[in-house]
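Comments concern the structure below.
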Amino acid sequence: MRYSYQMSNEQIINEINEVRAHWNGLNCRLNEVADKRVIEQLIYEMLADEKRYSYLLELAKANDLHAIAPIIR
194 MRYSYQMSNE QIINEINEVR AHWNGLNCRL NEVADKRVIE QLIYEMLADE
244 KRYSYLLELA KANDLHAIAP IIR
């Protein structure tokens, strides 16, 4: 039996933004640490975020969601 969880379009967009922000934070931390164990842990978290991000993008595509990128000045 497969469990299917439905997310609203707003939830998908919010999750995408949260995962992206979390990944960026991990990337910043990765550039600041020297301990190999911490680096390894950060890499595992980043890989998990990348998998989650890919999944969420697939959901967004399946729901025909399109986002307009903010203009940076």
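Residue numbers (the numbering used here): 194 to 266. Glycine residues also receive a C-beta, built at the ideal position from the N, C-alpha and C atoms.
Check                                                                                                                                 : Outcome
Taking only three categories from DSSP, how would you classify leucine 271?                                                           : The question about residue 271 has no answer, for the chain in this structure spans 194 to 266.
Can you list the alpha helix (DSSP H) stretches of 4 or more residues lying completely in the region 205–249, in chain order?         : none
Determine the burial state of leucine 249: buried for a count of at least 16 other Cβ atoms within 10 Å of its Cβ, exposed for fewer. : buried
Return the CA-CA distance between tyrosine 237 and serine 247, expressed in angstroms with no decimal places.                         : 15 angstroms
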